[in-house]
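*Asks:* The sequence shown runs -23 to -1, 1 to 619 under mature numbering (1 follows the signal peptide of the UniProt record, and there is no 0). Backbone N, C-alpha and C define an ideal beta-carbon position, used for all residues, glycine too.
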Amino acid sequence: FSFLQERLRYMLVLLLLLHGADSFYVPGVAPINFHHNDPVEIKAVKLTSSRTQLPYEYYSLPFCQPTKITYKAENLGEVLRGDRIVNTPFQVSMNVEKKCEVLCNFPNKPVTLTVEQSKLVAERIREDYYVHLIADNLPVATRLEFYSNREEEEKKKEKDVQFEHGYRLGFMDGNKFYLHNHLSFILYYHREDVEENQEPTYRVVRFEVIPQSIKLEDLKADEKSMCTLPEATGSAPQEIDPSKENQLLFTYSVHWEESDIKWASRWDTYLTMSDVQIHWFSIINSVVVVFFLSGILSMIIIRTLRKDIANYNKEDDIEDTMEESGWKLVHGDVFRPPQYPMILSSLLGSGIQLFCMILIVIFVAMLGMLSPSSRGALMTTACFLFMFMGVFGGFFAGRLYRTLKGHRWKKGAFCTATLYPGVVFGICFVLNCFIWGKHSSGAVPFPTMVALLCMWFGISLPLVYLGYYFGFRKQPYDNPVRTNQIPRQIPEQRWYMNKFVGILMAGILPFGAMFIELFFIFSAIWENQFYYLFGFLFLVFIILVVSCSQISIVMVYFQLCAEDYRWWWRTFLVSGGSAFYVLIYAIFYFVNKLDIVEFIPSLLYFGYTALMVLSFWLLTGTIGFYAAYMFVRKIYAAVKID
């Protein structure tokens, strides 16, 4: 028992270290120091909605525009996410208050929205769109205060504060649409320590907004573009009638507050998840369950195997051994090459490529180098790593293809370099055409698509060929037993040895270990949340690798005991069984958590989910296959065969 306590203590220390890694700030991003009255630029990122999953750029709606619109040069990840970062006409200066100012046009000449524009704004409000702005690279957030379920006395004192990313474009009341046309910016600064005679410097540490809807008549504006806000009780909201022209004023106010938050931890507000507790419980639960099951499986397998090997190696009782049933009987067929060895080795090569990419990305992100403050860094890193990991994918695929008696290595290399990426590119291209049709900023621009194709054929393909060439030239894996000329007849199998039953049984354990984390990843992708708990994710990934390997070994052992030696493809399919459960979970998430009703958003959801499920199947199938292959070679090497 003390040993178990010790193990748990070690695990908790490891978890704490991993959790500490989450808030570790990204190296190489320098803070910007502002002096009093320095301009603080406010930029717009995009409009998003979890109901349509289609991002739009800021000026797709008739907002006030600056005299010259300039877009920021973006990295690959930002383009793929649909970010189009652009300047806005908001004039904000460090530590300078603004009561109320008109944003564009003169106060005596309000903005007029045409019927078309009014219709568009009303539709975006109905689709629940949020506007995302940034100041000094910090995204804007809306503060939500609510009382938690505490005791009555405490209720009066304490409110729970949570932050929502961006601010709502507007709201609906009955069948009427109201636009948030006044923004109250609240910016927090941290005063830096400077020497006595120097001018004080400030850093922006939080960016909040309170959006309001105020009718044109209630905003009393003067000639200097100043305005006075009405009393909170007496004002009417600004309605947008989609059937006619609408007149309104866009206004804003700026309020500065000093804060104790240091610049290095300014992202913590955005990343505080309300349910970190769930992560702790789920991780410890998964770890304990998986290690417990692993212990039991290993014990059973090792004990049974020892018994088997001892029995098979007893030379004095040859007669019994001849009639023995079990995995030794198929020794002459167990390494017989399967059907379609080229496709199998190509898929496994892509699986290795994915495995290396995911492992490195999660590890680097865990060290804090891909924090949300460096926008699009995660996507960019993942794309480039997948291209460069082609060397390893090609090497493993080439060596396995040689082992399976394959001869056409050039065709095999081409198959490895194009099979999985080709499917991904095809699905993404079709989905992109639909997004283009909707004029969304989520559509990958044509030049970016050409650049991705050039990366695929200019970096990935040659690297896969290089790896394949060396893998194919290397000594094939040495199989401990010879393969017979004539294949052995396979006895009739029991119902539970069916492939589909195997997939259902093998998928439960790995999926159970990671499904809580899957919920948070889905929320990050589909509900525009930040995902940053890479410490937890790294641990979940290790648990996934361990559980996939063990389940795969158990399944292949049962299969060989049933004298069925066609294990190559079957192990690959069965080990990826948890991908089937991921698909079921994605459908459950779609029905229960998202209120997507239209055709194109649903198509996008299921298109991207199909890609995730395919990648996950390749990843888990590859892990299981290599574990089973090593196991099979080990056990046949331990048996004396005449």
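Rounded to a whole number of angstroms, what is the C-alpha to C-alpha distance between F67 and Y33?
*Replies:* As a first step, residue 67 is located in the sequence shown; it is residue number 90 there, counting from the start. As a first step, residue 33 is located in the sequence shown; it is residue number 56 there, counting from the start. Near 20 Å, if we compare the C-alpha coordinates of Y33 and F67.
*Asks:* Can you give the Cα-Cα distance for P487 and G598, rounded to whole angstroms?
*Replies:* Position 510 of the sequence shown, counted from the first residue, corresponds to residue 487. Position 621 of the sequence shown, counted from the first residue, corresponds to residue 598. Straight-line Cα distance between these residues: approximately 12 Å.
*Asks:* Could you pull the DSSP bridge partners for R547 from this structure?
*Replies:* Taking the sequence shown and counting its residues from 1, the one referred to as residue 547 is at position 570. According to DSSP, R547 bridges with nothing at all.
*Asks:* With contact counted as at least three CB pairs below 8 Å, one residue from each stretch, are the segment 192 to 200 and the segment 136 to 143 in contact?
*Replies:* No: the two stretches stay apart, fewer than three of their Cβ pairs being nearer than 8 Å.
*Asks:* Could you tell me the distance, in whole angstroms, from the CA atom of Y378 to the CA atom of W386?
*Replies:* Here residue 378 is taken as the residue at index 401 of the sequence shown, counted from 1. Here residue 386 is taken as the residue at index 409 of the sequence shown, counted from 1. Computed Cα separation, rounded: 8 Å.
*Asks:* How should M299 be labelled, buried or exposed, when 16 other C-beta atoms within 10 angstroms of its C-beta is the threshold for buried?
*Replies:* Position 322 of the sequence shown, counted from the first residue, corresponds to residue 299. Here the model assigns M299 a pLDDT of 48, short of 50, so the residue's position is not dependable and the matter cannot be decided.
*Asks:* Using the DSSP secondary-structure output, state which residues sit across from K451 in a beta bridge.
*Replies:* Taking the sequence shown and counting its residues from 1, the one referred to as residue 451 is at position 474. DSSP lists no partner for K451.
*Asks:* What first and last residue would you give for the alpha helix (DSSP H) that runs through P578?
*Replies:* For the purposes of this step, residue 578 is identified with residue 601 of the sequence shown, where counting begins at 1. Where P578 is concerned, the enclosing alpha helix (DSSP H) stretches over F576 to A614.
*Asks:* Which two residues bound the contiguous beta strand (DSSP E) that contains Y165?
*Replies:* What you label residue 165 is simply residue 188 of the sequence shown in a count that begins at 1. Note, Y165: beta strand (DSSP E), H159 to R168.
*Asks:* Since I436 contacts V522 with CB under 8 Å, what's their CB separation in whole angstroms?
*Replies:* Counting from one through the sequence shown, the residue named residue 436 turns up at place 459. Counting from one through the sequence shown, the residue named residue 522 turns up at place 545. That pair is no contact at about 27 Å.
*Asks:* Does P116 pass the burial test, meaning 16 or more other C-beta atoms within 10 Å, or should it be called exposed?
*Replies:* Counting from one through the sequence shown, the residue named residue 116 turns up at place 139. Buried, since its Cβ has 16 or more Cβ neighbours within 10 Å.
*Asks:* Could you tell me which of F162, I339 and T44 sits nearest to K75, measuring between CA atoms?
*Replies:* On the sequence shown, position 98 is the one that residue 75 refers to. Minimum Cα distance to K75 is reached at F162.
*Asks:* Rank L325, F391, I273 and L90 by C-alpha distance to the C-alpha of A374 and give the top, closest one.
*Replies:* Reading the sequence shown from its first residue, position 397 is the one you call residue 374. Nearest of L325, F391, I273 and L90 to A374, Cα basis: L325.
*Asks:* Leaving out five residues before and five after F507 in sequence, what residues of the same chain have Cβ atoms less than 8 Å from its Cβ?
*Replies:* By one-based count along the sequence shown, residue 507 stands at place 530. Correct list, in chain order: H142, Y247, L248, P349 and A501.
*Asks:* Hey, how far is the Cα of K611 from the Cα of R280?
*Replies:* By one-based count along the sequence shown, residue 611 stands at place 634. By one-based count along the sequence shown, residue 280 stands at place 303. Distance between the alpha carbons of K611 and R280 is about 15 Å.
*Asks:* Is the beta carbon of L440 sitting closer than 8 Å to the one on V551?
*Replies:* For the purposes of this step, residue 440 is taken as residue 463 along the sequence shown, with counting starting at 1. For the purposes of this step, residue 551 is taken as residue 574 along the sequence shown, with counting starting at 1. No, Cβ-Cβ distance for L440 and V551 is not below 8 Å.
*Asks:* How far does the alpha helix (DSSP H) with V427 in it extend, from its first residue to its last?
*Replies:* As a working note, residue 427 is residue 450 in the sequence shown. First-last of the alpha helix (DSSP H) with V427: F423 to M432.
*Asks:* I'd like to confirm the pairing. Which residues does DSSP put opposite E216 in its beta bridges?
*Replies:* As a working note, residue 216 is residue 239 in the sequence shown. For E216, which the question treats as bridged, DSSP gives the partners Y155.
*Asks:* Can you tell me whether G554 is buried or exposed, with buried defined as 16 or more other CB within 10 angstroms of its CB?
*Replies:* As a position in the sequence shown, residue 554 is number 577, starting the count at 1. Buried, since its Cβ has 16 or more Cβ neighbours within 10 Å.
*Asks:* Once you ignore the five residues that flank C41 on each side, which residues in its own chain have a CB closer than 6 Å to its CB?
*Replies:* To locate residue 41, count along the sequence shown from 1; it is residue 64. P66, L80, C81 and F227, listed in sequence order.
*Asks:* Using a threshold of 8 Å, state whether the C-beta atoms of G584 and L430 are closer than that.
*Replies:* One-based indexing of the sequence shown puts residue 584 at position 607. One-based indexing of the sequence shown puts residue 430 at position 453. No, they are not a contact pair.
*Asks:* Using 8 Å as the Cβ pair cut-off and three pairs as the minimum, do the segment 206 to 225 and the segment 182 to 197 touch?
*Replies:* Short answer: they touch.
*Asks:* Given a threshold of 16 other Cβ atoms within 10 Å of its Cβ, counted over all protein chains shown, does Y317 qualify as buried or as exposed?
*Replies:* As a first step, residue 317 must be located in the sequence shown, where it is residue number 340. It counts as exposed.
*Asks:* Going by CA-CA distance only, name the one from N64, F312 and V533 that's closest to T548.
*Replies:* Stepping through the sequence shown from its first residue, residue 548 is reached at position 571. T548 has its Cα closest to that of V533, out of N64, F312 and V533.
*Asks:* If you reduce the DSSP assignment to three classes, tell me which class G459 lands in.
*Replies:* Counting from one through the sequence shown, the residue named residue 459 turns up at place 482. Going by the sequence as given, residue 459 is Arg instead of Gly. Residue state, collapsed to three classes: coil.
*Asks:* Give me the Cα-Cα distance between K291 and G303, rounded to the nearest whole angstrom.
*Replies:* As a working mapping, residue 291 is identified with position 314 in the sequence shown. As a working mapping, residue 303 is identified with position 326 in the sequence shown. Their backbone Cα atoms lie some 15 Å apart in a straight line.
*Asks:* Can you give me the Cβ contacts of L381 inside the same chain, cut-off strictly under 6 Å, excluding the 5 residues immediately before and after it?
*Replies:* By 1-based counting over the sequence shown, the position of residue 381 is 404. Only P314 and P318 meet the Cβ criterion.
*Asks:* According to DSSP, which residues form a beta bridge with K20?
*Replies:* Taking the sequence shown and counting its residues from 1, the one referred to as residue 20 is at position 43. Paired residues: N64 and I111.
*Asks:* Could you check whether G59 and I102 sit closer than 8 Å to each other, using their CB atoms as the reference points?
*Replies:* As a first step, residue 102 must be located in the sequence shown, where it is residue number 125. As a first step, residue 59 must be located in the sequence shown, where it is residue number 82. Not closer than 8 Å, so no.
*Asks:* Please report the straight-line C-alpha distance between Y613 and W503, rounded to a whole angstrom.
*Replies:* Along the sequence shown, one-based indexing puts residue 613 at 636. Along the sequence shown, one-based indexing puts residue 503 at 526. Distance between the alpha carbons of Y613 and W503: 48 Å.
*Asks:* Does DSSP put H256 in a helix, in a strand, or in coil?
*Replies:* Here residue 256 is taken as the residue at index 279 of the sequence shown, counted from 1. Reduced to three states, the DSSP call for H256 is helix.
*Asks:* Ignore the nearest five residues each way along the sequence and tell me which others in V92's own chain have a CB closer than 8 Å to its CB.
*Replies:* As a first step, residue 92 is located in the sequence shown; it is residue number 115 there, counting from the start. Once the five neighbours on either side are set aside, the close Cβ partners of V92 are P219, S220, K221 and E222.
*Asks:* Identify, in the order they occur along the chain, each residue of the same chain with its Cβ nearer than 8 Å to the Cβ of V63, setting aside the five sequence neighbours on each side.
*Replies:* If you number the sequence shown from 1, residue 63 lands on position 86. Result list for V63: K20, A21, E34, Y35, Y36, I46, T47, Y48 and K49, in chain order.
*Asks:* So, for Q527: in the same chain, excluding its five sequence neighbours on each side, which residues have a beta-carbon less than 6 Å away from its beta-carbon?
*Replies:* Walking along the sequence shown from the start, residue 527 turns up at place 550. Cβ within range, chain order: S271 and L274.
*Asks:* Which residues mark the beginning and the end of the alpha helix (DSSP H) in which E93 is found?
*Replies:* Translated into the one-based positions of the sequence shown, residue 93 becomes position 116. Per DSSP, E93 belongs to the alpha helix (DSSP H) from V92 to R103.
*Asks:* Could you check if W545 is buried or exposed, using at least 16 other CB atoms within 10 Å of its CB as the buried criterion?
*Replies:* Taking the sequence shown and counting its residues from 1, one reaches residue 545 at position 568. Classification for W545: buried.
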